[in-house]
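First to last, the protein sequences are chains A and B.
In terms of the numbering used here, the first sequence has 262 at position 259, counting the first letter as 1, and numbering is strictly consecutive.
In terms of the numbering used here, the second sequence has 88 at position 106, counting the first letter as 1, and numbering is strictly consecutive.
Glycine included, C-beta positions come from ideal geometry on N, C-alpha and C.
A short worksheet on the structure shown next.
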Amino acid sequence: MSGEEAAARRSRPRAASASPTDRRPAAARNVFPDPRSAVAISIATTIALLLLWWAATEWRWIGPLFLPAPGVVFDRLVEGLARPIGDATLVGHAALSLFRVLSAFVLACLTAVPAGIAMGVSRVARGLLDPPIEFYRPLPPLAYLPLVVIWFGIDEAAKIVLIYLACFAPLALAARAGVRSVAPEQVNAALSLGATRAQLLRHVILPAALPEILTGMRIGLGFGWTTLVAAEMVAANVGLGQMVLNASNFLRTDLVVMGIVVIAAFAYAFDLLMRLAERRLVPWKGRM
Amino acid sequence: MGAVSIQGLSVSFPLPGGGWIDALSGIDLAIPEGGFCVALGASGCGKTTLLNCIAGFIAPSSGRILVAGREVSAPGADRGVVFQKHALLPWLSVWENVAFGPLLAGMKRAERRRLAEEKLALVGLAGFADRPVWTLSGGQQQRVGIARALAADPQVLLMDEPFAALDALTREAMQEHLLEVWAASGKTVFFITHGVEEALFLATEVVVMSPRPGRIVRRLPVSFGRRYLETRNARAVKSDPAFIALREEVLAEVRASARDGAGALA
């Protein structure tokens, strides 16, 4: 290499090359959002937290009444699969809770998405629906739980209604925001290709709003799981939330923690499913 | 049939701080059927507003626009638009985008597919039919936008700086292509550009516009495009002394009017 060549090499902006010692990003798009997978870091964090939990119980930093050992919680999980905890096995509790959350979620999708789209496209729908949604949205579900019980009784209906209300608002607002994310050029293009109002809705507005709707579904489903325990506070004998509440009444922290872990695992699994659906259904998201 | 007639068109927009701005003032323009009218001017002279009025996206403050003898009141499939920014639908494949107009009109799938492939070949994108549009380059996306406008078979083609985002080589090829498509189809074209050479090469009539208020300051009948169609030699047309002389003359005029406009603002 001649001296001149070496000098040219030195003066070249270092950001363009990706040598292992150069920690500066290669291009702006690699800075934000950082495209590299964070899975390894997430796994490391999980393992570290589990180790910390194990150490805290093994060396009695915290008493078992306050924090049961991971092994004990795991034992409760395995036992719960075979023998009943209260009125049902763990499978029975989980099945009924799943039914409650999912049926409420499906009902919310079927009603909130059309409501949100309507709010996005129509002044009248926006005027009609905005006050009630904005009124109840910030209320904690526990605050209106007594009313729901008085109106819908103590059967499944009340529980599903409570979870449904928790899912509805974020979904409707996401669908409404999705309509707003349609580019005016896309609407104009469709109109100048002869689209009617109905065709515009079906072929342009709905698909354009889909990424936001899917995000809203993720958030709504999360809210659904959050509300599960509140929903199962009233007259339930079976259900994960009820199982946790019942165990806490008897200071059975091992069962409480086991129940929490199971609820979290279900919620996380459904979130992963939603993300998968997002990748399948809206591969163009963020690309155009 | 596809003639465009603009009579006494004015458009004013409210300003955010109060008051009004005259985007267009007293525009009279007649494009005969099969004519190729190019609006030329610096940015802010109301070219795009004029196109949006013909397309039906903006309602005039006064005056009226007739297309094929009927007054424009809303967007319609008789006027196809090619946008500055392609405005494709990313959830549809390339061919589905091209055949979107025929889909809305209720054409059968097999027929749509055949039509889309024909139009894609016309803009040099044969073999791209099944690609997702977001995998195409900006220039390719722009050409899909042109194929889409053609596939709807409008009477009038409205093109808003369609080649501005293309590289110089592709732009020249697309200009030649557009002339051939125009000659073969006999469509009426209204085309916007800020490129003087592009305007002179394509048009049967160039209208030079000036800002604040947006108005037509010069009308210039030209025939370089027809000469290209006879010879198929674009470089010969563009390096012709008559072409160059006119190019410099019009360029000076556009620059002067842009300067005047800036002065009026200050």
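Within the model, the alpha-carbon separation for Arg140/A versus Glu187/B is close to 60 Å. Counting along the chain, Phe(-5)/B sits inside the beta strand (DSSP E) bounded by residues Val(-14) to Pro(-4). Between Leu168/A and Arg221/A, the alpha-carbon positions lie close to 15 Å from each other. In this structure, the straight-line span from the alpha carbon of Ser7/B to that of Gly28/B is close to 9 Å. Listed as beta-bridge partners of Val189/B by DSSP are Ala21/B and Arg201/B. When Cβ-Cβ separations below 7 Å define contact, Ser184/A makes no contact with chain B. Sequence-distant Cβ neighbours of Asp4/B in its own chain, meaning closer than 6 Å and more than five residues away, are Ser(-6) and Pro195.
Relative to Arg200/B, the option among Leu233/B, Ala150/B and Glu158/B whose CA is nearest is Leu233/B. In the pairwise beta carbon analysis, the segment 206 to 220 of chain A is classified as not touching the segment 150 to 158 of chain B: fewer than three pairs are separated by under 8 Å. Residue environment analysis places Asn252/A among the exposed positions, since fewer than 16 neighbouring C-beta atoms fall within 10 angstroms of its C-beta.
Apart from the 5 residues on each side of it in sequence, His206/A sits with its Cβ closer than 8 Å to the Cβ of Ala193 and Ala198 in its chain, given in chain order.
Assignment of Asp78/A by DSSP, reduced to helix, strand and coil, places it in the helix class. In this structure, DSSP gives Gly106/B a state outside helix and strand, which the three-state scheme calls coil. By the criterion of a C-beta distance shorter than 8 Å, Ala12/B is surrounded in its chain by Ala(-15), Val(-14), Ser(-13) and Ile(-12), once the five residues flanking it on both sides are discounted. One thing to note: Gln137/B has its Cβ no nearer than 7 Å to the Cβ of Ala81/B. In the three-state scheme derived from DSSP, where H, G and I count as helix and E and B as strand, Leu150/A is classed as helix. Interface with chain A (7 Å Cβ-Cβ cutoff): Pro144/B is excluded. The alpha carbon of Ile198/B has as its nearest neighbour, out of Ala108/B, Gln66/B, Val63/B and Ser239/B, the alpha carbon of Ser239/B.
When 9 Å is used as the limit between beta carbons, Pro38/A is near no residue of chain B, the shortest such separation being about 16 Å.
The closest CA to that of Glu235/A, considering only Asp257/A, Val127/A and Val164/A, is found on Val164/A.
The segment 34 to 43 of chain B and the segment 57 to 70 of chain B touch, with three or more beta-carbon pairs separated by less than 8 Å.
By the criterion of a C-beta distance shorter than 8 Å, Gln189/A is surrounded in its chain by Val207 and Ala211, once the five residues flanking it on both sides are discounted. Taking 7 Å as the Cβ-Cβ cut-off, the segment 85 to 99 of chain B approaches chain A at Leu86 and Ala87, given in chain order.
Separation of Glu15/B and Ser167/B (C-alpha to C-alpha, rounded to the nearest whole angstrom) is 11 Å.
Secondary structure note for Ala56/B: it is in no beta strand (DSSP E), with a DSSP letter that is neither H nor E. In terms of CA proximity to Leu132/A, Pro117/A leads the group Pro117/A, Pro144/A, Gly83/A and Phe108/A. Nearest C-alpha to Gly45/B among Ser(-8)/B, Val20/B and Ala69/B: Ser(-8)/B. Using a Cβ-Cβ cut-off of 7 Å, Glu188/A is close to Phe65, Lys67 and Ala69 of chain B, given in chain order.
A distance below 7 Å separates the beta carbons of Ala233/A and Leu145/A. Across the set Phe226/A, Ala91/A and Phe155/A, the C-alpha of Phe226/A shows the shortest separation from the C-alpha of Ala111/A. Minimum Cα-Cα distance from Arg103/A among the listed residues Pro134/A, Phe155/A and Thr230/A corresponds to Thr230/A. Close to chain A, meaning a Cβ-Cβ distance shorter than 8 Å, are the following residues of the segment 36 to 58 of chain B: Ala37, Gly38, Phe39, Ala56, Pro57 and Gly58.
Within the segment 128 to 156 of chain B, contact with chain A at the beta-carbon level (separation under 7 Å) is assigned to Ala134. Between Val63/B and Leu140/B, the C-beta gap is smaller than 7 Å, which places the two residues in contact.
Boundaries of the beta strand (DSSP E) harbouring Arg61/B: Arg61 to Val64, taken from the DSSP string.
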